[in-house]
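Working notes for the structure below.
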Amino acid sequence: MKLLRRLLPHPILTLLLTLAWVLLTSTWTLNSLVFGFLLGLLIPFLTQPYWPQQMRLKKPLKIIEYILIVLYDIVVANVIVARIVVFKPNAKRQPAWIAVPLDLLTPEAISVLAGTITMTPGTVAADVSAEGHALLVHCLDASDPEAVRDEIKQRYERRLKEIFE
Amino acid sequence: MFYEYLIAGFLVMAGLFGFVGSFGLLKLNDPMSRLHAPTKATTLGVGGVLLASMLHGAMVEGDPSLHELMITLFLFLTAPVTALFIAKVHIHRHETNKSLPKAGEDGIWATHDVAETSTETDKA
Chain G
13 MKLLRRLLPH PILTLLLTLA WVLLTSTWTL NSLVFGFLLG LLIPFLTQPY
63 WPQQMRLKKP LKIIEYILIV LYDIVVANVI VARIVVFKPN AKRQPAWIAV
113 PLDLLTPEAI SVLAGTITMT PGTVAADVSA EGHALLVHCL DASDPEAVRD
163 EIKQRYERRL KEIFE
Chain P
48 MFYEYLIAGF LVMAGLFGFV GSFGLLKLND PMSRLHAPTK ATTLGVGGVL
98 LASMLHGAMV EGDPSLHELM ITLFLFLTAP VTALFIAKVH IHRHETNKSL
148 PKAGEDGIWA THDVAETSTE TDKA
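Just so you know, the sequences run in chain order G and P.
Sequence positions in the first sequence follow the working numbering and run 13 to 177.
Sequence positions in the second sequence follow the working numbering and run 48 to 171.
This is the structure in structure tokens:
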């Protein structure tokens, strides 16, 4: 078991890399499947020192719900931000830094949260605190920074905590 | 016929959001706000082109392609990293621990958390 763990540190990553290669080549042949699987074995093995701990997913099916919510939010927020950019004068815009205290503990979950914050327009995750207990977020236009912080915690962080921890 | 209108609609939407993204880069007046503009262009702007491309491949050419999904995946992996690094450079050069909100129980943001080391120029 220990040897298998060392040779195959991230089994899910191996599967995803194989799938990614087959999708990239766009040819459904045994050839691309085998080569993709070889890459899927080699890459996690070589990058193991940078990702030593095992990742655990408590509720993997909740990922689908999370992706759908984030996609919906991206579309809605894009329209809101486009209106701010085009119609709101710079003098009236209120850019703000906000600190979001984190309940998440695993680095993978925090990375996904930071990525989500950046990809939903209007907010950019700018930094993490020294020991990883808070995220620094920049808002394009926030008249009520507390509301933005609470929405990030309620909408994204709560769901990520269910998925990862 | 119906698909062609849908494809055209997606392309127009993508062009519109791409334009707003570039316009924002010009109009917004501070570096951190300008960072918001490219994240828009990569989400709905590129997303619209990719949706149109997938529809065109599947319906008009009869050759469905999944490359677009991979482009979306790679964009969603790389765009936040670039934005984070630009933001970190800004924090490093233009912000101090006092100009930012309090970093919770840790007291300091990671970019400012550097050990005081003497550089070559200090010694000279």
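For glycine and all other residues, C-beta sits at the position ideal for the given N, C-alpha and C.
Chain-order list of residues whose beta-carbon lies under 8 angstroms from that of V133 (chain P) (same chain, five-residue window excluded): As a position in the second sequence, residue 133 (chain P) is number 86, starting the count at 1. The question names Val, yet the displayed sequence has Ile at residue 133 (chain P). Here the set comprises L82.
Whose C-beta lies closer than 7 angstroms to the C-beta of D115 (chain G) among residues of the same chain, with five residues either side of it excluded? Mapped onto the first sequence, residue 115 (chain G) falls at position 103. The answer, listed in chain order, is E169, K173.
Evaluate the contact criterion for the stretch 71-90 of chain P versus the stretch 118-133 of chain P: three or more CB pairs, one atom per stretch, below 8 angstroms. Touching, per the Cβ criterion.
Run the CB neighbour count on D156 (chain G), radius 10 Å, all protein chains shown included, and call it buried at 16 or more, exposed below. As a working note, residue 156 (chain G) is residue 144 in the first sequence. That one is exposed.
With 8 angstroms set as the bound, which would you pick, yes or no: does the beta-carbon of L80 (chain G) sit closer than that to a beta-carbon of chain P? Numbered from its first residue, the first sequence carries residue 80 (chain G) at position 68. When Cβ-Cβ separations below 8 angstroms define contact, L80 (chain G) makes no contact with chain P.
Buried/exposed call for M48 (chain P), threshold 16 Cβ in 10 Å: Counted from its first residue, the second sequence places residue 48 (chain P) at position 1. Answer is exposed; the Cβ neighbour count stays below 16.
In terms of residues, what are the limits of the beta strand (DSSP E) holding V140 (chain G)? Taking the first sequence and counting its residues from 1, the one referred to as residue 140 (chain G) is at position 128. Note, V140 (chain G): beta strand (DSSP E), 135-140.
Starting from the Cα of R171 (chain G), find the closest Cα among G:S44, G:A94, G:L80, G:P107 and give me that residue. Numbered from 1 along the first sequence, position 159 holds the residue referred to as residue 171 (chain G). For the set G:S44, G:A94, G:L80, G:P107, the Cα lying nearest the Cα of R171 (chain G) is the one of G:L80.
Roughly how many whole angstroms lie between the Cα atoms of T135 (chain G) and P56 (chain G)? As a first step, residue 135 (chain G) is located in the first sequence; it is residue number 123 there, counting from the start. As a first step, residue 56 (chain G) is located in the first sequence; it is residue number 44 there, counting from the start. For T135 (chain G) and P56 (chain G), the gap between their C-alpha atoms comes out near 32 angstroms.
With a cut-off of 8 angstroms on the beta carbons, I'd call T119 (chain P) and L97 (chain P) a contact; round off their distance for me. What you label residue 119 (chain P) is simply residue 72 of the second sequence in a count that begins at 1. What you label residue 97 (chain P) is simply residue 50 of the second sequence in a count that begins at 1. With 8 angstroms as the limit, T119 (chain P) and L97 (chain P) qualify as a contact, their Cβ atoms being about 6 angstroms apart.
Given T37 (chain G), which residues of its chain have a CB within under 6 angstroms of its CB, disregarding the five upstream and five downstream residues? As a first step, residue 37 (chain G) must be located in the first sequence, where it is residue number 25. Taken in chain order, the residues that qualify are S44.
Between the CA atoms of F49 (chain G) and V34 (chain G) - distance to the nearest angstrom: In the first sequence, residue 34 (chain G) corresponds to position 22, counting from 1. In the first sequence, residue 49 (chain G) corresponds to position 37, counting from 1. CA-to-CA, the gap between V34 (chain G) and F49 (chain G) works out to about 9 angstroms.
Just the C-alpha distance for H114 (chain P) and V82 (chain G), rounded to the nearest angstrom, thanks. Against the second sequence, residue 114 (chain P) aligns to sequence position 67. Against the first sequence, residue 82 (chain G) aligns to sequence position 70. The alpha-carbon atoms of H114 (chain P) and V82 (chain G) are separated by roughly 21 angstroms.
At a Cβ cut of 7 angstroms, what residues of the stretch 107-131 of chain G count as close to chain P, listed as they run along the chain? Near chain P, meaning a CB-to-CB distance below 7 angstroms, the residues of the stretch 107-131 of chain G are P107, W109, I110, A111, P113, A126, G127, T130, M131.
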